[in-house]
Structures are given as C-alpha cells and as structure tokens.
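S.K.:
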Amino acid sequence: MGLENAIPVDGYMTTQLSRVINWARRSSVWPMPFATACCGIELMATASSRYDLARFGAEVFRFSPRQADLLIVAGRVTTKMMPVLQRIYLQMTEPKWVISMGACASTGGLFNTYAVVQGIDQFLPVDVYVPGCPPRPEMLIEGVMAIQRIIDEDNIPFEGDGSRKPLRLNLVTPNSTTVDMTINAS
Ligand code: SF4
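First residue of the sequence shown? That's 44 in this note's numbering, and the numbers climb one at a time after it.
Okay, structure coming up:
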C-alpha cells in the first residue's frame with residue numbers, strides 16, 4: 044500500500060491507544076437499516092457502486108442489531124412499529140449511533156396523523172438529522188461522515204451517569220440560506 048516507502052523499514056511509530064481505537068471505530072461503522080418507505084430507496088442507492096458507501100467503511104449493512112452500531116431510520120415509523128425499533132436499538136452494540144433520514148423519520152413529514160410517530164427523537168436518541176424528502180445519497184453520506192468526525196476527534200459526549208448524549212446534529216443543505224454544507228449542534 045506504499046506504507047513501506049513512507050515509513051523507514053527500521054523505524055517505529057508511537058500513538059495513543061484511544062487514537063487507534065477511534066480510527067478503527069470510525070473506519071468500520073456498520074449500519075442497521077430500518078427502511079420503511081421511499082427514503083429506503085435512497086439508502087439502498089447510497090450503498091450502490093455509484094455512491095459507494097464502502098469508501099467510508101460503512102457499507103457493511105447488518106440485519107442483526109448485535110452486529111451493527113449505526114441505526115439508520117429511513118421513512119415513516121408508526122406507533123405500532125416504535126416498540127420494535129426501540130428493541131432493535133437496545134440490542135445494538137455500544138457506542139451506537141442513530142441517523143434520522145428524511146422528513147418523515149424526523150417529523151412525521153406530511154403524515155400528520157395519530158398513527159405515525161411525529162419525530163423518532165421522542166423515543167430514540169437521534170445523533171444526526173438528515174434533511175430532505177427524500178435526502179440524496181450525498182446527504183446521507185455527509186451524515187455518516189459527521190459521526191465519523193466526532194469519533195475521530197474523540198468527542199463522544201457522555202451524560203453524568205455514563206450514558207451517551209445524543210449529538211442532535213442538523214445537517215444544512217447546500218440549497219438553504221447557508222451556502223456551505225455545515226453542521227449545527229443544537
Ligand atoms: S421523507 Fe419523503 S421520501 Fe422519505 S419516506 Fe417520507 S415521503 Fe418518502
């Protein structure tokens with residue numbers, strides 16, 4: 044991989060254990076897809092060769108929560124589904140992350156009805172809200188990268204009791220009043 048040329052053969056490297064662990068964590072974020080509607084199609088496209096989520100080490104979609112650490116909720120969630128989704132979240136490995144993909148997952152979208160949860164953050168600790176109806180794959184990738192940046196900086200926030208604080212990052216689209224795609228912590 045060219046490392047032999049960059050590093051002297053008889054040299055050695057030192058680093059902090061936490062940096063190595065964080066490098067491994069951010070390079071192997073394994074998603075658990077919970078796709079219930081049209082946003083799920085964009086989620087599938089994100090893993091396709093055109094967008095290639097594998098470039099970010101996050102293409103290994105697991106359908107067992109015990110092998111996943113990133114829950115991506117793509118689409119509307121009904122009140123009947125929510126206990127199942129909560130159980131899936133609880134079964135995932137720590138430290139785990141949640142992306143709310145699209146208007147329906149984040150707010151109920153246009154389904155303003157008693158049967159649809161009006162925002163999954165009422166029941167789950169959401170780390171990144173990806174806007175759109177549906178969001179483009181690039182936007183979802185930006186959401187994954189936002190989590191990777193937090194892991195990389197060793198910035199995983201914890202509550203006083205040791206549980207992890209949800210990040211609650213809102214991605215801003217390039218077409219909104221803010222020109223750059225930036226992240227706002229709220
Ligand atoms: S946000 Fe739009 S595209 Fe996504 S599930 Fe809702 S209606 Fe479908």
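Note that beta-carbon positions come from the ideal geometry of N, C-alpha and C, so glycine has one too.
If you draw a straight line from the alpha carbon of Q59 to that of V120, how long is it in whole angstroms?
M.R.: 41 Å
S.K.: Cβ of A80 within 7 Å of any heavy atom in ligand 1?
M.R.: Of the heavy atoms belonging to ligand 1, at least one sits nearer than 7 Å to the Cβ of A80.
S.K.: How far does the alpha helix (DSSP H) with Y172 in it reach, from first residue to last?
M.R.: Taken as a continuous stretch (DSSP letters only), Y172 belongs to no alpha helix (DSSP H), being part of the beta strand (DSSP E) at 171-173.
S.K.: Under the three-state reduction of DSSP, which class applies to L113: helix, strand or coil?
M.R.: L113 falls in the strand class under three-state DSSP.
S.K.: Let's see if you can read the secondary structure: which residues bound the beta strand (DSSP E) around P76?
M.R.: 74-78
S.K.: Considering only DSSP beta bridges, list what R207 is partnered with.
M.R.: F201, per the DSSP bridge assignment.
S.K.: When you compare each of W66, E196, A101, T122 to A158 by their alpha carbons, which one comes out closest?
M.R.: T122
S.K.: Nearest to I142 by CA position, among P168, M87, S71, is which residue?
M.R.: Comparing alpha-carbon positions, the option among P168, M87, S71 lying closest to I142 turns out to be P168.
S.K.: According to the Cβ coordinates, are R68 and I184 closer than 8 Å?
M.R.: no
S.K.: Would DSSP call T150 helix, strand or coil?
M.R.: helix
S.K.: Quick one: what does DSSP say L13 is sitting in, helix, strand or coil?
M.R.: Nothing in the structure corresponds to residue 13, since the chain is present only between 44 and 229.
S.K.: Considering Cα atoms alone, identify which of P177, P108, V63, M188 is closest to G151.
M.R.: P177
S.K.: Which residue or residues does DSSP assign as beta-bridge partners of S143?
M.R.: V116, Y172
S.K.: I'd like to check one pair, M75 with R105: are the Cβ atoms closer than 8 Å?
M.R.: yes
S.K.: Can you give the Cα-Cα distance for L96 and T156, rounded to whole angstroms?
M.R.: Rounded to whole angstroms, L96 to T156 spans 34 Å at the Cα level.
S.K.: Which stretch, first to last residue, makes up the alpha helix (DSSP H) that contains L128?
M.R.: 125-134
S.K.: What does the Cβ neighbour count give for N65, buried or exposed, with the cut at 16 atoms within 10 Å?
M.R.: buried
S.K.: Assign T89 to one of two classes, buried (16 or more other C-beta atoms within 10 Å of its C-beta) or exposed (fewer than that).
M.R.: Classification for T89: buried.
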